[in-house]
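**Student:**
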C-alpha cells in the first residue's frame, strides 16, 4: 500500500508540474509574473506588497516553500525596498492551498484566457477574517488587472462541499445550481500553486462510494498524514435536480459567450444521457492516473472533455453538432494553423494532430483563422448554428426534466434569473432588435450602407432593404439584402445595435423622395446619441426585477411628415385654443 501511494504521489506531482509549466509557457511575461507570485502575495502580508490592507488579514499557506522565482522577488524587495516579510507563525496556517482551475494549463488556455483561483481556507476563520481575506483578494485582482491580467478569486471553505454550501447567482459564481459538478470540474482541472495536495486523487475509483471510510483507513494505517492533504470530500452521485440547474447555468453563460460554453453544455448533456450513472470526467481522469495511462496529451482536461463529447455525439448520430463543437474547440485554442509559426509549441502540435484526424482542409482552417474579420453574413450563419445547438440542448434538458419528474433544486430566484436572461436574448417580439453577434466577431462595421425603399405594388415586399455596399445597381441586384423591415427606423436600429452602422459608415438612401440623406443622417445621430452600444451586463437583481425602460426616444415624421404641407405657408392659429394634435385651418394632425 505504502509503495502504491508513493508512486501515485509522484505521478500527481509530475502531472501538476507539467500543468504549471504549460500554464506559464502559454502566456506572456505579465501573466507569468502574476501566476508565479500569487502564492507569495497570499502567504505574506506587508505594506509594500500588492494586496495590502490594514487589519488582522489571514496570511500563511500550509506547507508553502518559495520557489526560485518567488525567492528572487522576496530578495529584491529586501534589497531595494529594505523590507523583509515576516514568516507567518508555525502550525496550521489559515490558507490550506492556492489552486488555479478551469482552462488554465490545458490546451484550451489561450492568450486571452482569464485566471480562476481557488483560495481554500480553514473552517475556523471567523466572519471578519474571511471578509478581510476577500478584500485582499479583490485588491490582488486590481493589481493583476493593472498588468493586463484578468484574475478572479474564489474563497473556498474546506468544508463547503461537505455542507453543500453555495453562493447566489452572479458573475462567475454558479449560484445554487451546482455542487458535485463544480467539484468535478475542480478535481479534473486543478493546478496546485501552493499548499496541500488534493486528497481526492488518492482514493481509487472503486472506493468512491466509501470515500470517507477509505480516507480514515489511510490515516489510521499511517499511510497518509491528515494535515498534509486538502479534503473537499468525495464525488457522490449526481442528482437530476443538480444536473438540471447546472445545465440552465451553462445555457445562461452561453448567451454571452457561445463558443466558450458549447463544449461544457454538451458535456453536461452527455452526463444526462448516461444518467442515473454518469461517468464524471474527473473520475475518468483519476482512474487513468491510477492505472498509469497518461493519455490525451498528459491527461489534458480540455482534450478529454472533447473526447467525451465526441463519444456522445457519435453514439447519438449527431454529426452537425459534432462538427460545431470541433470548430468551437479549435477557436478556443486560438493557434491559427493556417499561419506559419517560427516556434511550434505543444498546443499547436496537439491541435495539428486533432485537425488531421478530423480531415479538415486548408480552406476551412483559413476561414476559421480569419474569424476576427468575419462580417454580418458569416456571423449570422455562426449565430444560427450556435442558437440551433443551444435550443437542441434546451429541448433535451426539458425532456430530461420530464423523464425524471423534477422538482428543481435551484432556488426559485436563480431559476427566475436564468429564465429571464434566456427570454431576453431569444424571445421574438414585435419591434425587438435581434442581436446576432455575441462575441463571435470583434467588428461588424461596414464602410458603406445603402437603404432602399420599395413602394407598394412592386414584385418585392414594400418597405426598406439594407445593403452593405454603395448604390451601384449592378452590384446591388446581384446581392441579397442584409435585412428587411417595413419601417426605416427599425432597420436603422438593427444596423446600429448590431454594430454595422458606425460614425465612419458612409450612408446612401434611395427613398423615392420619402426620406432624404440629411434626414437619415439626423436620425442616425439621434439614435447613436440616445442609445449607447456598450452597456454593462444586467445584474441578477435587474433580471429578477420587473422590466423597466432605461433609454427612450420617440421618432416622429421620419417617413411620413404632415408638416411638409405647411412649408412656405402662413398658418393662422389661436394660441388660446392651440391643440398640437389638430393644427391649422384644416385641423390636421402634424405627427406622422
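Residue numbers (this note's numbering): 1081 to 1672. For each residue, glycine too, the CB sits at the ideal point set by N, CA and C.
Please say whether residue 1095 and residue 1119 have beta carbons closer to each other than 8 Å?
**Tutor:** Going by C-beta atoms, residue 1119 is not nearer than 8 Å to residue 1095.
**Student:** Take residue 1413 and list the residues in its own chain whose beta-carbon comes closer than 7 Å to its own, dropping the five residues that flank it on each side.
**Tutor:** The answer, listed in chain order, is 1187, 1188, 1190, 1427, 1431.
**Student:** Report yes if the CB atom of residue 1336 is closer than 8 Å to the CB atom of residue 1518, and no otherwise.
**Tutor:** Yes; because the gap between Cβ atoms is below 8 Å, this pair is in contact.
**Student:** Taking its Cβ as the centre, do 16 or more other Cβ atoms sit within 10 Å of residue 1365, making it buried, or is it exposed?
**Tutor:** Label assigned to residue 1365: buried.
**Student:** Go through the region 1549-1605 residue by residue and report every complete run of the beta strand (DSSP E) that reaches 3 residues or more, in order.
**Tutor:** Within the region 1549-1605, the complete beta strand (DSSP E) runs of at least 3 residues are 1563-1565, 1586-1590.
**Student:** Does the distance from the C-beta atom of residue 1234 to that of residue 1278 stay below 8 Å?
**Tutor:** Against a cut-off of 8 Å, the Cβ pair of residue 1278 and residue 1234 comes out as no contact.
**Student:** What does the Cβ neighbour count give for residue 1307, buried or exposed, with the cut at 16 atoms within 10 Å?
**Tutor:** Looking at its Cβ environment, which holds fewer than 16 other Cβ atoms inside 10 Å, residue 1307 is exposed.
**Student:** Less than 7 Å between C-beta atoms, sequence neighbours within five positions excluded: which residues of the same chain meet that for residue 1545?
**Tutor:** The answer, listed in chain order, is 1532, 1534, 1561, 1564.
**Student:** Would you mind stating whether residue 1310 and residue 1275 have Cβ atoms separated by less than 8 Å?
**Tutor:** Cβ distance < 8 Å, so residue 1310 and residue 1275 count as in contact.
**Student:** Once DSSP output is grouped into helix, strand and coil, what is the label at residue 1257?
**Tutor:** For residue 1257, the predicted model reports a pLDDT of 49, less than 50, meaning its position is unreliable; a value from the coordinates is still stated below. Looking at residue 1257 - three-state DSSP - the assignment turns out to be helix.
**Student:** Where does residue 1462 sit, in a helix, a strand or coil, going by DSSP?
**Tutor:** In the structure shown, residue 1462 sits in a helix (DSSP, three-state: H, G or I).
**Student:** With a Cβ-Cβ cutoff of 8 Å, do residue 1435 and residue 1342 count as a contact?
**Tutor:** Not a contact, by the Cβ cut-off of 8 Å.
**Student:** Count the other CB atoms within 10 Å of the CB of residue 1201; is the residue buried (16 or more) or exposed (fewer)?
**Tutor:** Flag for residue 1201 reads buried.
**Student:** How many Å lie between residue 1157 and residue 1165 at the Cα?
**Tutor:** Cα-Cα distance, rounded: 9 Å.
**Student:** In chain order, what residues of the same chain lie with their CB nearer than 6 Å to the CB of residue 1312, ignoring the 5 residues before and after it?
**Tutor:** Only 1241 meet the Cβ criterion.
**Student:** State the Cα-Cα distance for the pair residue 1288 and residue 1263, rounded to the nearest angstrom.
**Tutor:** For residue 1288 and residue 1263, the distance between alpha carbons rounds to 14 Å.
**Student:** Please say whether residue 1227 and residue 1178 have beta carbons closer to each other than 8 Å?
**Tutor:** The answer is no: Cβ separation not under 8 Å.
**Student:** Closest by CA to residue 1210, which one among 1146, 1172, 1138?
**Tutor:** Residue 1210 has its Cα closest to that of 1138, out of 1146, 1172, 1138.
**Student:** What does DSSP give as the partner residue(s) for residue 1357 in the beta ladder?
**Tutor:** Residue 1357 pairs with nothing; no bridge assigned.
**Student:** Tell me residue 1545's beta-bridge partners as DSSP assigns them.
**Tutor:** BP columns for residue 1545 point to 1532, 1564.
**Student:** Please list the terminal residues of the continuous alpha helix (DSSP H) segment that includes residue 1294.
**Tutor:** 1291-1300 is the extent of the alpha helix (DSSP H) around residue 1294.
**Student:** Confirm, please, whether the CB-CB distance from residue 1578 to residue 1515 is below 8 Å.
**Tutor:** Result yes, Cβ atoms of residue 1515 and residue 1578 sit closer than 8 Å.
**Student:** Taking the alpha carbon of residue 1415 as the point to measure from, which residue in 1315, 1091, 1199, 1451 has its own alpha carbon closest?
**Tutor:** Comparing Cα-Cα distances from residue 1415 to each of 1315, 1091, 1199, 1451, the minimum goes to 1451.
**Student:** What do you reckon, are the CB atoms on residue 1185 and residue 1271 nearer than 8 Å?
**Tutor:** Contact flag set, yes.
**Student:** Note down the Cα distance separating residue 1548 from residue 1458, rounded to an integer number of angstroms.
**Tutor:** Answer to the nearest angstrom: the Cα atoms are 14 Å apart.
**Student:** Determine the DSSP secondary structure at residue 1072, reduced to helix, strand or coil.
**Tutor:** The shown model of the chain, from 1081 to 1672, leaves out residue 1072, and the question about it has no answer.
**Student:** Quick one: is residue 1464 buried, meaning 16 or more other Cβ sit within 10 Å of its Cβ, or exposed?
**Tutor:** It is exposed - the Cβ of residue 1464 has fewer than 16 other Cβ atoms within 10 Å.
**Student:** So what does residue 1179 bridge to, in DSSP terms?
**Tutor:** According to DSSP, which records beta bridges pairwise, residue 1179 is partnered with 1198, 1272.
**Student:** Can you tell me which of 1130, 1147, 1153, 1143 puts its alpha carbon nearest to the alpha carbon of residue 1218?
**Tutor:** When each option's Cα is compared against that of residue 1218, the closest is 1130.
**Student:** On the three-state DSSP scale, how would you describe residue 1226?
**Tutor:** Note: residue 1226 maps to helix in three-state DSSP.
**Student:** For residue 1511, count neighbouring Cβ atoms within 10 angstroms of its own Cβ and tell me buried if that reaches 16, exposed if not.
**Tutor:** Answer is exposed; the Cβ neighbour count stays below 16.
**Student:** Rounded to whole angstroms, how far is the Cβ of residue 1476 from the Cβ of residue 1352, which I believe are closer than 8 Å?
**Tutor:** With 8 Å as the limit, residue 1476 and residue 1352 qualify as a contact, their Cβ atoms being about 7 Å apart.
**Student:** Can you look up residue 1500 in the DSSP assignment and give me helix, strand or coil?
**Tutor:** Three-state result, residue 1500: helix.
**Student:** Is residue 1235 helix, strand or coil when you go by DSSP?
**Tutor:** If DSSP states are grouped into helix, strand and coil, residue 1235 belongs with the strands.
**Student:** May I have the straight-line CA-CA distance separating residue 1222 from residue 1153, to the nearest angstrom?
**Tutor:** Taking the straight line joining both Cα atoms gives about 19 Å.
**Student:** What did DSSP end up calling residue 1630 once you bin it into helix, strand or coil?
**Tutor:** In this structure, residue 1630 counts as coil in the three-state DSSP scheme.
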